[in-house]
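Asker: After the structure tokens below, expect a handful of questions from me.
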Amino acid sequence: MNILYLSDVSLDIIGGAQESMKVVMDGLADRYNFSIITPCNDKQYKYNVSELTGYKNLSLRGKGILDIIKIIGRIKKIIENNKIDIIHVQMPATMLLIGIMKNLRMIDNNIIIIYTDRGVLNKYGKKTYYGIKKFSKYFSKIILTTNYNMNLYKNYINIKEEKLSLINNTAGNMFEKYYPEIRENMRTELNFTKDDTVIMFAGRMNKDKNWPLALEIIRDICKIKNTKIIMALGSNKTNKNIQECMELIKEASAYTGEENLRGFIDIPLIKMNELYYSSDIFILTSKVESFGRTAIEAMSRKNAVFGTNVDGLKEVIGFSDNIYEQKKEVLDKIKKIIYNKELLESEKEKFYLRFKENFGLEKTCNYTMNYMIFLGKGGVVF
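Counting with the working numbering, you get residues 20 to 401 for the letters of the sequence shown.
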């Protein structure tokens, strides 16, 4: 079976949707033939990659009608040349492109199309929201990653509930097993002692991640003896955004002292994995968080996880004691476990168990594979 994925942005840009897409392809590569359509990028991937050169992204915003027609024409040609059986879209811009093509009868009725919405329906812009609302009827299956987003679709999209399914995100094969020796090695490499409590912040440099709140937390929490901070930031690859990352790390180090902060920008996932190992507590300060992929990555490396009461994140974290609304709440919660090492270890094990029970790779890939088989046999709800 030939399956086509489309990515709104280049796969070398850090982001949860891109990583989740690669995880599913890697997990099912021995069963299916994958092709990818992506904007131009410099990296080489093991799948059949078709690059739409000349575009930084496939978003419709800022593109004229001629550009959109050209993009659609190139996508149609790729679909026909690769004899695609299933199109699986996981980002909103390419969902709209495929929806337009289906509306114009440019996609054969024998081709099954699936949309995995990894965002939050009511947080999209007005045009994207109405596009999703209009084109959802053309998709054989719509997969959501949280019940929160599932309920939004049930309430606001005119679609049969049978077409909606829930599949949790997964961190991928790299995060499936835990190796204690990696933690020991990384703590040594980063010059952390056994008495240090290491707190990690990670995410893209944008307003949604609410880095000013992270700085406020760092300013107060670093006053506790033997507390160390890790910041791992992802840029959009522009010089301006990279500079913003550097300035944020510099501002944080003014509170912590350079010896107590380890700052990283645009590091590969394998290095992120090592940083999670060295950390004890992981904090998300997001204003918007559709799922919180970094949260499950941190869980898999035995971090106690805390996050804001937003969107699907609270569902992913799963424990009310680890959700906060105000800075003081999270500071009080963190201080409680920093000063009680037994409680900290208990929290870390609690989240590791949650990861194993809910976000493992095998479960996610089996669910996805079952849908592929079901749909491939004609089990489609119209």
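Backbone N, C-alpha and C define an ideal beta-carbon position, used for all residues, glycine too.
Go ahead and pull the three-state DSSP assignment for residue 30.
Answerer: Note: residue 30 maps to coil in three-state DSSP.
Asker: Going by alpha carbons, who is nearest to residue 88 out of 120, 72, 51, 107?
Answerer: Of the candidates 120, 72, 51, 107, the one whose C-alpha sits nearest the C-alpha of residue 88 is 120.
Asker: Do you know offhand how far residue 199's Cα is from residue 323's?
Answerer: Going by the C-alpha atoms only, they are around 16 Å apart.
Asker: Once DSSP output is grouped into helix, strand and coil, what is the label at residue 339?
Answerer: It is helical.
Asker: Do residue 307 and residue 325 have their C-beta atoms within less than 7 Å of each other?
Answerer: Result no, Cβ atoms of residue 307 and residue 325 do not sit closer than 7 Å.
Asker: Using CA atoms only, rank isn't needed, just tell me which of 195, 175, 160 is closest to residue 181.
Answerer: Ranking the options by Cα distance to residue 181, first place goes to 160.
Asker: Expressed to the nearest angstrom, what Euclidean distance is found between the alpha-carbon atoms of residue 319 and residue 141?
Answerer: Looking at the two C-alpha atoms, the distance is approximately 29 Å.
Asker: With which residues is residue 136 paired in a DSSP beta bridge?
Answerer: Beta-bridge pairing links residue 136 to 163.
Asker: For residue 298, collect the residues of the same chain with a Cβ closer than 8 Å to its Cβ; drop the 5 residues on either side in sequence, then sort them by chain order.
Answerer: Same-chain partners within the cutoff: 217, 218, 219, 249, 317, 320, 322.
Asker: Is the beta carbon of residue 109 sitting closer than 7 Å to the one on residue 36?
Answerer: Cβ atoms of residue 109 and residue 36: closer than 7 Å.
Asker: If you compare alpha carbons, which of 294, 241, 226 is closest to residue 201?
Answerer: Residue 201 has its Cα closest to that of 294, out of 294, 241, 226.
Asker: What three-state label does DSSP hand residue 349 in the structure shown?
Answerer: Residue state, collapsed to three classes: helix.
Asker: How would you label residue 312, buried or exposed, when you count the other beta carbons within 10 angstroms and need 16 or more for buried?
Answerer: That one is buried.
Asker: Helix or strand or just coil, what does DSSP make of residue 193?
Answerer: Looking at residue 193 - three-state DSSP - the assignment turns out to be helix.
Asker: Counting along the chain, where does the alpha helix (DSSP H) carrying residue 114 start and finish?
Answerer: Per DSSP, residue 114 belongs to the alpha helix (DSSP H) from 111 to 122.
Asker: Hey, would you say residue 272 sits closer than 7 Å to residue 264, going by beta carbons?
Answerer: No, the Cβ-Cβ distance between residue 272 and residue 264 is not below 7 Å.
Asker: Taking 7 Å as the cut-off, decide whether the C-beta atoms of residue 305 and residue 256 are in contact.
Answerer: No, they are not a contact pair.
Asker: Rounded to the nearest angstrom, how far is the Cβ of residue 98 from that of residue 23, given a contact under 8 Å?
Answerer: Confirmed, Cβ separation roughly 6 Å.
Asker: Among 207, 355, 327, which has the Cα closest to the Cα of residue 344?
Answerer: Considering only alpha carbons, the answer is 327.
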